[in-house]
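Peer 1: I'd like to ask you about the structure that follows.
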Amino acid sequence: MKTFDHLTVIGLREWVALPDLGVAGLRAKIDTGASTSTLHATEVQPFERDGQPWVRFTAHLGSLVQLRHRRCEAPLVTMKTIKSSNGQAQARYVIRTSLALGDRVWEVEFTLTCRKNMRYRLLLGAKALIHGQLVVNPGLKYVQDKPAFAATLSPVTGAA
402 MKTFDHLTVI
412 GLREWVALPD
422 LGVAGLRAKI
432 DTGASTSTLH
442 ATEVQPFERD
452 GQPWVRFTAH
462 LGSLVQLRHR
472 RCEAPLVTMK
482 TIKSSNGQAQ
492 ARYVIRTSLA
502 LGDRVWEVEF
512 TLTCRKNMRY
522 RLLLGAKALI
532 HGQLVVNPGL
542 KYVQDKPAFA
552 ATLSPVTGAA
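Numbering of the sequence shown is given in the working numbering, commencing with residue 402 and proceeding in unit increments.
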């Protein structure tokens, strides 16, 4: 049997932070069946900054959506057509931002979409797992500690 010392084991659900967006204490579902990662976002508006495409959106971060949201801005990477689990195709904005999980921080591309009826506001897809050198044990949950610097980020308790 092969073992890989450079890989970090995570559970099916983990605590993450999005430091560049000022977001801490976000529960993520690990979705190895999805190629891309997804963040729950509404009020998505493209705009230009210094001649470059950007997107402004409201990130909803917990099950009490009306109480936990943050207005965010990020450079727009591209638009991508994503086929959902029910077979419907949807055009989505794609951003790239830092993701912190345990003691690791790396850049991840997220598609922005409304996930208001879903339990988890963030899905971490296979590409993010590969770049983060992570392996999933589906029998475990919350294996990694909350990101260490999450406490330094401002809490998300209303409109920001």
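Even for Gly, the Cβ is constructed at its ideal location relative to N, Cα and C.
1) Could you check what DSSP says for residue 542 in three-state terms: helix, strand or coil?
2) When DSSP labels each residue in this structure, what does residue 527 get in the three-state scheme?
3) Looking only at its own chain, which residues have a Cβ that is under 8 Å from the Cβ of residue 515, when we skip the five neighbours before and after it?
4) At a cut of 8 Å, does the stretch 492-509 reach the stretch 530-546 through at least three beta carbon pairs?
5) May I have a chain-ordered list of the beta strand (DSSP E) segments no shorter than 3 residues that lie completely inside the stretch 448-494?
6) Along the beta strand (DSSP E) that carries residue 427, what are the first and last residues, could you check?
7) CB of residue 537 to nearest heavy atom of the ligand SAH: below 7 Å?
8) If contact is defined by three or more beta carbon pairs under 8 Å, each pair taking one atom from either stretch, is the stretch 509-528 in contact with the stretch 487-494?
9) Considering only their Cβ atoms, is the gap separating residue 431 from residue 544 smaller than 8 Å?
10) DSSP state of residue 441, grouped into three classes?
11) Note down the Cα distance separating residue 449 from residue 413, rounded to an integer number of angstroms.
12) Which value, in whole angstroms, describes the spacing of the CA atoms of residue 487 and residue 517?
13) Is the CB-CB distance between residue 508 and residue 522 below 8 Å?
14) Counting along the chain, where does the beta strand (DSSP E) carrying residue 418 start and finish?
15) Determine the extent of the beta strand (DSSP E) in which residue 408 is found, giving its start and end residues.
16) What are the boundary residues of the beta strand (DSSP E) that includes residue 505?
Peer 2: Result, derived from the coordinates:
1) Coil, per DSSP.
2) In this structure, residue 527 counts as helix in the three-state DSSP scheme.
3) Here the set comprises 441, 442, 443.
4) The count of Cβ pairs closer than 8 Å, one atom from the stretch 492-509 and one from the stretch 530-546, reaches three, so the stretches are in contact.
5) Complete beta strand (DSSP E) runs here, min 3: 453-461, 470-484.
6) For residue 427, the enclosing beta strand (DSSP E) starts and ends at 424-431.
7) The ligand SAH is not part of this structure, which contains no ligands at all.
8) In short, these stretches touch, since the Cβ pair count reaches three.
9) It is not a contact, given that the beta carbons lie outside the stated cut-off.
10) Strand at residue 441.
11) Going from the Cα of residue 449 to the Cα of residue 413 covers about 37 Å.
12) Spanning the two alpha carbons is a distance of roughly 16 Å.
13) In this structure, residue 522 does not lie closer than 8 Å to residue 508 by Cβ.
14) Segment 414-419, the beta strand (DSSP E) holding residue 418.
15) First-last for residue 408: undefined, no H or E at that position.
16) 505-514 is the span of the beta strand (DSSP E), which, as asked, contains residue 505.
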